[in-house]
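Heads up: the structure comes next, in structure tokens.
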Amino acid sequence: NAGVTQTPKFQVLKTGQSMTLQCAQDMNHNSMYWYRQDPGMGLRLIYYSASEGTTDKGEVPNGYNVSRLNKREFSLRLESAAPSQTSVYFCASKLAGDNEQFFGPGTRLTVL
Amino acid sequence: GQSLEQPSEVTAVEGAIVQINCTYQTSGFYGLSWYQQHDGGAPTFLSYNALDGLEETGRFSSFLSRSDSYGYLLLQELQMKDSASYFCAVRPSGMDSSYKLIFGSGTRLLVRP
Numbered sequence: 002n003a004g005v006t007q008t009p010k011f012q013v014l015k016t017g018q019s020m021t022l023q024c025a026q027d028m029n030h031n032s033m034y035w036y037r038q039d040p041g042m043g044l045r046l047i048y049y050s051a052s053e054g055t056t057d058k059g060e061v062p063n064g065y066n067v068s069r070l071n072k073r074e075f076s077l078r079l080e081s082a083a084p085s086q087t088s089v090y091f092c093a094s095k096l097a098g099d100n101e102q103f104f105g106p107g108t109r110l111t112v113l
Numbered sequence: 220g221q222s223l224e225q226p227s228e229v230t231a232v233e234g235a236i237v238q239i240n241c242t243y244q245t246s247g248f249y250g251l252s253w254y255q256q257h258d259g260g261a262p263t264f265l266s267y268n269a270l271d272g273l274e275e276t277g278r279f280s281s282f283l284s285r286s287d288s289y290g291y292l293l294l295q296e297l298q299m300k301d302s303a304s305y306f307c308a309v310r311p312s313g314m315d316s317s318y319k320l321i322f323g324s325g326t327r328l329l330v331r332p
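Those protein sequence lines, which keep their order, are chains A and B. According to our numbering, the first sequence is numbered sequentially starting from 2. According to our numbering, the second sequence is numbered sequentially starting from 220.
What follows is the structure, given as structure tokens:
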């Protein structure tokens with residue numbers, strides 16, 4: 002099992018550009034999550050999908066959109082990138098009824 | 220809402236015991252989790268406390284006291300590889316929020332020889 006995979010690993014954007022971060026899991030998990038991590042601020046939830054077909058806002062959803070494409074895949078889209086979105090983005094997944102979230106390796110995004 | 224407080228940094232010596240505290244303010248939650256993250260890496264799950272008391276997993280133990288709004292992670296027989304950041308997180312109770320985790324800002328542990 003590959004676990005949770007994310008692409009790309011690194012990305013540099015100019016202000017105003019758009020991009021989609023991809024996440025996939027092969028553990029048959031029901032719930033998937035997108036977090037951002039800024040220095041000294043821990044992990045903040047952007048959006049989550051409790052199950053296939055549903056998505057909900059987390060703590061910091063502004064400037065982002067998500068798509069739960071199927072049970073395996075959950076993508077995060079930045080429509081018009083801003084320097085404030087420079088961060089490390091982690092995708093995670095969890096099996097229903099479990100307490101452990103499994104994280105992907107992260108995408109390091111810089112917006113100039 | 221929910222907020223979790225952790226010390227920003229803790230230093231300890233190899234072989235020693237260290238306790239990382241987490242105090243929280245929350246309207247209700249199912250349990251308290253702990254995650255470890257090495258520099259440049261992804262967070263990995265360490266433990267979960269649903270009930271008050273101590274949960275032990277090898278060299279790591281985690282404690283929860285709901286009456287004191289307090290928990291801690293105890294690391295024994297510290298090794299150099301334990302140098303990492305440690306995050307506490309709560310799973311809020313409630314129909315819409317129960318799938319979420321709210322993380323503290325993390326404690327950076329430095330283990331010295």
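All C-beta atoms, glycine included, are put in the ideal place defined by N, C-alpha and C.
- Between Ser324 (chain B) and Gly107 (chain A), the beta carbon gap of about 18 Å keeps them out of contact (Cβ cut-off 8 Å).
- Within the model, the alpha-carbon separation for Tyr291 (chain B) versus Arg331 (chain B) is close to 21 Å.
- Taking the CA atoms as reference points, Ala269 (chain B) sits about 10 Å from Ser284 (chain B).
- For the stretch 71-101 of chain A, the beta-carbon criterion of a distance under 7 Å to any beta-carbon of chain B is satisfied by Phe91, Asn100, Glu101.
- Linking Thr242 (chain B) to Ser312 (chain B) through their CA atoms gives a straight-line distance of about 17 Å.
- Its chain contains Gln255, Gln256, His257, Leu328 as the residues whose beta carbon lies nearer than 7 Å to that of Ala303 (chain B), once the 5 sequence neighbours on both sides are disregarded; these appear in chain order.
- About 6 Å separates the Cβ atoms of Arg278 (chain B) and Leu294 (chain B), confirming a contact at the 8 Å cut-off.
- Inter-residue distance for Lys58 (chain A) and Met20 (chain A) is about 19 Å (C-alpha atoms, whole angstroms).
- Taking 7 Å as the cut-off between beta carbons, the residues of the stretch 10-42 of chain A near chain B are Ser32, Gly41, Met42, in sequence order.
- For Ala303 (chain B), no Cβ of chain A is located within less than 8 Å of the residue's own Cβ.
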